[in-house]
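Each remark here refers to the structure printed beneath this line.
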Amino acid sequence: MARQQDPPPQGLSGQLTGTRLSRDFFREDVLDVAPALLGATLTHAGVTVRLTEVEAYAGEQDPGSHAFRGPTPRTEVMFGQAGHLYVYFTYGMHWCANVVTGVEGEASAVLLRAGEVVDGRETAAARRPGIAERDWARGPARLALSLGLTGEHTGLDACEVGGPASFHAPTQHVPASRIRTGPRVGVAGLGGDAASYPWRFYLDGERSVSAYRPAKPRRRRAEA
DNA sequence: CAGTTGATTCGCT
DNA sequence: GCGAATCAACTGG
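Using numbering that gives the first Met the number 0, the final residue of the first sequence is 223, and nothing's skipped along the way.
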């Protein structure tokens, strides 16, 4: 088959997205890739989301990572090639999407936590019936839903030219002063030490990013 | 706005 | 079995 052109990120007679992110971009250290993804876009299934919040997970060295206890059928893709998607199921009902980073075997990945829909709004609206636009991709499960990403898409190579998913760099430079960091959200296995891993990165002042909410230990209902 | 709660399936011990 | 990288709906301010 003839070599396909990089599919234009849809609609938007122009410059909503920058150059496509290559596999080399994702092969770098996850702590470098994660902040560099802020302001970048992910396009899949007719919708483009501009990323405003991500989290870094550093493979087998990271007690918060699904890869911490080594490869399993679920996490196998994390140990593979950078630029592939790792989409996992949680809380009995939600899908969340990551992109694998680093060298093969390292199992690091960036969780895509929030963004704003910048193209394919009709499609996104249909996928998020009755939900306010600012909430369409606010939160990892909502973001995956807006993009139509589920477990079927785990292992999908977002760097494959002509493939169904692609990342593109921000059109405008994102100043470092707009990037904030903080503890990761809802991560178990850290023994309350989430603050030791300030690997959540977000753009300050974005409506699609809510302020950090400490995960309050769930108080078992009504004492006495 | 902040805080609380039930929903519901899978992965791993 | 247990608990999860969460969400939507609801309450009260």
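By construction, the Cβ of each residue, glycine as well, lies at the ideal position given by its N, Cα and C atoms.
Rounded C-alpha distance that separates residue i from residue j
i    : j    : result
L50  : G129 : 22 Å
L144 : C95  : 8 Å
V76  : H65  : 11 Å
T23  : A131 : A small correction: the amino acid at residue 23 is Asp; Thr does not occupy that position in the sequence shown. About 36 Å.
I178 : D118 : 23 Å
M92  : G63  : 21 Å
V86  : S176 : 31 Å
G104 : R68  : 13 Å
P72  : F88  : 13 Å
D203 : P70  : 35 Å
R137 : R183 : 15 Å
G147 : A125 : 11 Å
H172 : Y201 : 15 Å
G82  : E159 : 9 Å
P174 : L111 : 20 Å
Sequence-distant residues of its chain with Cβ nearer than 7 Å to residue i (five each side left out)
i    : result
W135 : V116, A123, R127, R141 and S145
A113 : T51, E52, A136, R137, G138, L142, S207 and V208
T153 : V76, L84, Y85 and V86
A168 : G17, T18, L20 and A39
R218 : Interpretation of R218 is limited by its pLDDT of 39, a score under 50 that renders its predicted location unreliable; the figure taken from the coordinates is listed afterwards. If we look at R218 and ignore the five residues flanking it on each side, it has no Cβ neighbours.
Residue i versus the options, residue with shortest Cα-Cα distance
i    : options                  : result
V47  : V173, E54, A55 and G38   : It should be pointed out that residue 47 corresponds to Thr in this sequence rather than to Val. Checking every option, the nearest Cα to that of T47 belongs to G38.
R133 : G58, D28 and E205        : E205
T149 : F24, E27, A44 and F25    : A44
G185 : Y90, V86 and A125        : Y90
R26  : T71, P72 and G79         : G79
D61  : S195, G114, A81 and E159 : S195
Proximity of residue i and residue j at Cβ, strictly below 8 Å
i    : j    : result
L84  : A164 : yes
V102 : A157 : no
L36  : V53  : yes
L30  : F166 : no
E59  : A106 : yes
Element boundaries [alpha helix (DSSP H), containing residue i]
i    : result
L37  : No alpha helix (DSSP H) holds L37; DSSP gives it neither H nor E.
R120 : R120 to R126
L146 : L146 -> no alpha helix (DSSP H), and no H or E assigned at all.
Own chain partners of residue i with C-beta closer than 8 Å, once the 5 adjacent residues on each side are dropped
i    : result
G162 : L155 and D156
V109 : V29, V32, A33, L36, V53, E54, A55, Y56, N97, V98 and T100
Residue i - containing beta strand (DSSP E), residue span
i    : result
R199 : R199 to L202
F67  : Run containing F67: none; DSSP gives neither H nor E here.
R22  : No beta strand (DSSP E) holds R22; the alpha helix (DSSP H) holding it covers R22 to F25.
R49  : V46 to A57
H167 : A164 to H167
A96  : H93 to T100
V86  : L84 to T89
Same chain, Cβ closer than 6 Å to residue i, five either side skipped, listed in chain order
i    : result
E121 : none
T74  : H65 and A66
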